[in-house]
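Contents: one structure, followed by commentary.
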Amino acid sequence: MIEMSLKERQRLRTMSHFIDATYEIIEEEGIDNVSVRKVAEIAGYNIGTLYNYFKNIDHLIGYTGVKYLKDYYAVLDDYIRDAENAEERYIKIWELFCMYSFDMPEIWKAIFFLTPRGGIRELLDGYFAIYPEDYGEHDEDLIPMLNSSSIYERSRMCLDPVAKAGIIPEECVDEINEMTVLVYRGILERFITQKGELDKKVEIEKFKRYVRIGVDACRIIK
1332 MIEMSLKERQ RLRTMSHFID ATYEIIEEEG IDNVSVRKVA EIAGYNIGTL YNYFKNIDHL
1392 IGYTGVKYLK DYYAVLDDYI RDAENAEERY IKIWELFCMY SFDMPEIWKA IFFLTPRGGI
1452 RELLDGYFAI YPEDYGEHDE DLIPMLNSSS IYERSRMCLD PVAKAGIIPE ECVDEINEMT
1512 VLVYRGILER FITQKGELDK KVEIEKFKRY VRIGVDACRI IK
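Have a look at this one:
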(Lines of atoms letter the chains of each structure in order from A and count residues from 1; the text may use other names and numbers.)
(Lines give C-alpha, C1' and ligand atoms only; values in the text may rest on other atoms or scores of the structure.)
Protein backbone atom coordinates (compact mmCIF):
# COMPACT_ATOMS: atom_id res chain seq x y z
CA MET A 1 0.00 0.00 0.00
CA ILE A 2 1.39 3.42 -1.00
CA GLU A 3 1.92 5.77 1.94
CA MET A 4 0.02 9.05 1.51
CA SER A 5 2.23 12.14 1.70
CA LEU A 6 1.70 14.74 4.39
CA LYS A 7 0.77 17.29 1.72
CA GLU A 8 -1.91 14.96 0.31
CA ARG A 9 -3.33 14.26 3.76
CA GLN A 10 -3.55 17.98 4.41
CA ARG A 11 -5.25 18.52 1.04
CA LEU A 12 -7.89 15.88 1.76
CA ARG A 13 -8.42 17.20 5.28
CA THR A 14 -9.05 20.71 3.99
CA MET A 15 -11.45 19.40 1.35
CA SER A 16 -13.34 17.51 4.06
CA HIS A 17 -13.88 20.75 5.99
CA PHE A 18 -15.56 22.33 2.97
CA ILE A 19 -17.61 19.19 2.23
CA ASP A 20 -18.77 18.89 5.84
CA ALA A 21 -19.74 22.56 5.89
CA THR A 22 -21.73 22.16 2.67
CA TYR A 23 -23.45 19.07 4.05
CA GLU A 24 -24.41 21.02 7.18
CA ILE A 25 -26.02 23.77 5.10
CA ILE A 26 -27.91 21.30 2.90
CA GLU A 27 -29.25 19.46 5.95
CA GLU A 28 -30.29 22.63 7.80
CA GLU A 29 -31.29 25.01 5.02
CA GLY A 30 -31.58 23.01 1.78
CA ILE A 31 -29.40 22.79 -1.31
CA ASP A 32 -30.72 26.08 -2.75
CA ASN A 33 -29.20 27.98 0.19
CA VAL A 34 -25.65 26.72 -0.31
CA SER A 35 -23.30 29.59 -1.17
CA VAL A 36 -19.54 29.99 -1.36
CA ARG A 37 -19.66 32.61 1.38
CA LYS A 38 -21.62 30.42 3.81
CA VAL A 39 -19.48 27.36 3.17
CA ALA A 40 -16.21 29.26 3.64
CA GLU A 41 -17.48 30.88 6.83
CA ILE A 42 -18.57 27.59 8.42
CA ALA A 43 -15.42 25.77 7.28
CA GLY A 44 -13.24 28.52 8.74
CA TYR A 45 -11.45 29.49 5.52
CA ASN A 46 -11.60 32.40 3.12
CA ILE A 47 -13.38 32.11 -0.21
CA GLY A 48 -10.13 32.09 -2.16
CA THR A 49 -9.00 28.95 -0.34
CA LEU A 50 -12.20 27.16 -1.36
CA TYR A 51 -11.43 27.82 -5.02
CA ASN A 52 -8.01 26.21 -4.58
CA TYR A 53 -9.82 22.90 -4.06
CA PHE A 54 -13.10 23.16 -5.98
CA LYS A 55 -13.81 24.66 -9.41
CA ASN A 56 -17.08 26.27 -8.36
CA ILE A 57 -20.02 25.77 -6.00
CA ASP A 58 -21.56 23.09 -8.24
CA HIS A 59 -18.32 21.11 -8.10
CA LEU A 60 -18.39 21.30 -4.29
CA ILE A 61 -22.07 20.31 -4.15
CA GLY A 62 -21.26 17.34 -6.38
CA TYR A 63 -18.60 16.16 -3.96
CA THR A 64 -20.93 16.67 -1.01
CA GLY A 65 -23.71 14.86 -2.81
CA VAL A 66 -21.69 11.65 -2.82
CA LYS A 67 -22.15 11.61 0.96
CA TYR A 68 -25.83 10.90 0.30
CA LEU A 69 -24.90 7.71 -1.57
CA LYS A 70 -23.51 6.24 1.65
CA ASP A 71 -26.77 4.69 2.88
CA TYR A 72 -27.58 3.36 -0.59
CA TYR A 73 -24.16 1.74 -0.88
CA ALA A 74 -24.55 0.21 2.59
CA VAL A 75 -27.64 -1.84 1.73
CA LEU A 76 -27.26 -2.49 -2.01
CA ASP A 77 -25.58 -5.90 -1.87
CA ASP A 78 -28.09 -7.37 0.58
CA TYR A 79 -31.04 -5.84 -1.26
CA ILE A 80 -30.30 -7.58 -4.55
CA ARG A 81 -28.88 -10.82 -3.17
CA ASP A 82 -32.16 -12.75 -3.43
CA ALA A 83 -32.82 -11.75 -7.06
CA GLU A 84 -33.76 -14.91 -8.96
CA ASN A 85 -32.24 -13.91 -12.30
CA ALA A 86 -30.39 -11.13 -14.13
CA GLU A 87 -33.59 -9.31 -15.09
CA GLU A 88 -34.88 -9.19 -11.52
CA ARG A 89 -31.45 -8.09 -10.31
CA TYR A 90 -31.45 -5.22 -12.83
CA ILE A 91 -34.87 -4.06 -11.67
CA LYS A 92 -33.99 -4.36 -7.97
CA ILE A 93 -30.81 -2.29 -8.44
CA TRP A 94 -32.86 0.45 -10.07
CA GLU A 95 -35.64 0.10 -7.50
CA LEU A 96 -33.24 0.77 -4.63
CA PHE A 97 -31.66 3.64 -6.57
CA CYS A 98 -35.12 5.20 -6.86
CA MET A 99 -35.93 4.61 -3.19
CA TYR A 100 -33.00 6.74 -2.09
CA SER A 101 -32.82 9.29 -4.91
CA PHE A 102 -36.48 10.27 -4.82
CA ASP A 103 -35.99 11.41 -1.21
CA MET A 104 -33.21 13.84 -2.24
CA PRO A 105 -33.84 14.46 -5.96
CA GLU A 106 -31.84 17.70 -6.21
CA ILE A 107 -28.74 15.99 -4.83
CA TRP A 108 -28.94 12.97 -7.11
CA LYS A 109 -29.62 15.19 -10.10
CA ALA A 110 -26.53 17.23 -9.23
CA ILE A 111 -24.36 14.10 -9.15
CA PHE A 112 -25.71 12.10 -12.07
CA PHE A 113 -27.03 14.72 -14.50
CA LEU A 114 -25.29 18.04 -13.82
CA THR A 115 -21.76 16.72 -13.43
CA PRO A 116 -19.76 17.13 -16.68
CA ARG A 117 -19.25 14.03 -18.81
CA GLY A 118 -16.82 11.66 -17.12
CA GLY A 119 -16.81 13.81 -13.99
CA ILE A 120 -18.78 11.38 -11.85
CA ARG A 121 -15.76 9.10 -11.59
CA GLU A 122 -13.67 12.05 -10.41
CA LEU A 123 -16.26 12.88 -7.74
CA LEU A 124 -16.44 9.29 -6.54
CA ASP A 125 -12.68 8.77 -6.47
CA GLY A 126 -12.13 12.12 -4.77
CA TYR A 127 -14.84 11.70 -2.17
CA PHE A 128 -13.95 8.14 -1.20
CA ALA A 129 -10.28 9.10 -0.89
CA ILE A 130 -11.44 11.49 1.85
CA TYR A 131 -14.09 9.22 3.39
CA PRO A 132 -13.05 5.62 2.53
CA GLU A 133 -15.30 4.20 5.25
CA ASP A 134 -18.38 5.44 3.36
CA TYR A 135 -17.69 3.13 0.42
CA GLY A 136 -18.21 -0.07 2.39
CA GLU A 137 -17.65 -3.65 1.25
CA HIS A 138 -19.25 -4.88 -1.98
CA ASP A 139 -19.50 -8.01 -4.08
CA GLU A 140 -16.80 -7.96 -6.74
CA ASP A 141 -19.27 -7.90 -9.64
CA LEU A 142 -20.86 -4.67 -8.34
CA ILE A 143 -17.67 -2.63 -8.04
CA PRO A 144 -17.34 -1.66 -11.76
CA MET A 145 -20.91 -0.37 -11.70
CA LEU A 146 -20.39 1.60 -8.49
CA ASN A 147 -17.23 3.16 -9.92
CA SER A 148 -18.66 3.96 -13.36
CA SER A 149 -18.32 7.41 -14.90
CA SER A 150 -21.93 8.11 -15.94
CA ILE A 151 -25.45 7.00 -15.12
CA TYR A 152 -25.78 5.51 -18.62
CA GLU A 153 -22.67 3.40 -18.09
CA ARG A 154 -23.88 2.48 -14.62
CA SER A 155 -27.22 1.26 -15.93
CA ARG A 156 -25.69 -0.53 -18.90
CA MET A 157 -23.40 -2.55 -16.64
CA CYS A 158 -26.51 -3.84 -14.86
CA LEU A 159 -28.38 -4.51 -18.11
CA ASP A 160 -25.60 -6.37 -19.94
CA PRO A 161 -26.07 -9.53 -17.81
CA VAL A 162 -29.74 -9.59 -18.88
CA ALA A 163 -28.59 -9.92 -22.50
CA LYS A 164 -25.90 -12.43 -21.60
CA ALA A 165 -28.54 -14.54 -19.87
CA GLY A 166 -30.45 -14.74 -23.16
CA ILE A 167 -33.43 -12.73 -21.90
CA ILE A 168 -33.03 -9.90 -24.43
CA PRO A 169 -30.89 -9.65 -27.60
CA GLU A 170 -27.63 -7.71 -27.36
CA GLU A 171 -28.76 -5.26 -30.06
CA CYS A 172 -31.60 -4.04 -27.81
CA VAL A 173 -29.42 -3.17 -24.83
CA ASP A 174 -28.59 0.41 -25.82
CA GLU A 175 -32.22 1.28 -26.57
CA ILE A 176 -33.55 -0.22 -23.33
CA ASN A 177 -30.77 1.44 -21.37
CA GLU A 178 -31.44 4.88 -22.85
CA MET A 179 -35.18 4.52 -22.29
CA THR A 180 -34.65 3.47 -18.66
CA VAL A 181 -32.40 6.42 -17.86
CA LEU A 182 -34.70 8.91 -19.61
CA VAL A 183 -37.75 7.61 -17.74
CA TYR A 184 -35.85 7.77 -14.46
CA ARG A 185 -34.72 11.33 -15.13
CA GLY A 186 -38.25 12.39 -15.99
CA ILE A 187 -39.62 11.06 -12.71
CA LEU A 188 -36.69 12.53 -10.75
CA GLU A 189 -37.42 15.95 -12.28
CA ARG A 190 -41.06 15.65 -11.22
CA PHE A 191 -39.97 15.06 -7.63
CA ILE A 192 -38.11 18.37 -7.85
CA THR A 193 -40.81 20.44 -9.56
CA GLN A 194 -43.76 18.84 -7.73
CA LYS A 195 -42.15 18.66 -4.30
CA GLY A 196 -44.43 17.03 -1.74
CA GLU A 197 -47.11 16.14 -4.30
CA LEU A 198 -45.92 12.71 -5.45
CA ASP A 199 -46.24 9.34 -3.73
CA LYS A 200 -42.80 7.73 -3.78
CA LYS A 201 -44.09 4.15 -3.75
CA VAL A 202 -46.47 4.85 -6.63
CA GLU A 203 -43.73 6.48 -8.71
CA ILE A 204 -41.30 3.62 -8.07
CA GLU A 205 -43.89 1.06 -9.18
CA LYS A 206 -44.59 3.18 -12.26
CA PHE A 207 -40.88 3.30 -13.08
CA LYS A 208 -40.51 -0.47 -12.68
CA ARG A 209 -43.53 -0.99 -14.95
CA TYR A 210 -41.94 1.14 -17.67
CA VAL A 211 -38.67 -0.79 -17.38
CA ARG A 212 -40.52 -4.10 -17.73
CA ILE A 213 -42.37 -2.78 -20.78
CA GLY A 214 -39.01 -2.01 -22.39
CA VAL A 215 -37.61 -5.43 -21.57
CA ASP A 216 -40.80 -7.21 -22.67
CA ALA A 217 -40.73 -5.42 -26.03
CA CYS A 218 -37.39 -7.07 -26.79
CA ARG A 219 -37.76 -10.29 -24.84
CA ILE A 220 -36.51 -13.42 -26.58
CA ILE A 221 -39.33 -15.95 -26.76
CA LYS A 222 -38.08 -19.46 -26.05
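The numbering used here puts the sequence shown at residues 1332 to 1553. Each residue gets a CB set at the ideal place from its N, CA and C atoms; glycine is no exception.
- Secondary structure note for V1512: its alpha helix (DSSP H) is the uninterrupted segment V1504 to T1524.
- Taking a C-beta distance under 8 Å as the contact criterion, S1480 and I1438 do not qualify as a contact pair.
- Distance from the Cα of T1345 is smallest, within the candidate group I1461, D1408, P1447 and M1430, for I1461.
- Here the stretch 1538–1549 lies against the stretch 1506–1526, with 3 or more beta-carbon pairs under 8 Å apart.
- About 7 Å separates the beta carbon of I1498 from that of I1551, a gap short enough to meet the 8 Å contact definition.
- Cα atoms of V1514 and Y1384: separation of roughly 35 Å, rounded to the nearest angstrom.
- Under the DSSP assignment, M1435 falls outside any alpha helix (DSSP H); it carries neither an H nor an E label.
- If you compare the alpha carbons of D1456, Y1421 and F1433 with that of D1472, the shortest gap goes to Y1421.
- Counted as a single uninterrupted DSSP element, the alpha helix (DSSP H) harbouring P1475 occupies residues I1474 to L1477.
- In this structure, the straight-line span from the alpha carbon of D1470 to that of E1464 is close to 16 Å.
- Between the alpha carbons of I1518 and E1534 lies a gap of roughly 7 Å.
- The Cβ atoms of D1389 and L1445 sit closer than 8 Å to each other.
- When secondary structure is reduced to three states using DSSP, T1380 falls in the helix class.
- Pairing R1342 with V1370, the inter-Cα distance amounts to about 17 Å.
- Bounds of the alpha helix (DSSP H) holding P1492 are I1482 to K1495.
- By alpha-carbon distance to I1357, the top candidate from E1528, T1524, T1395 and K1526 is T1395.
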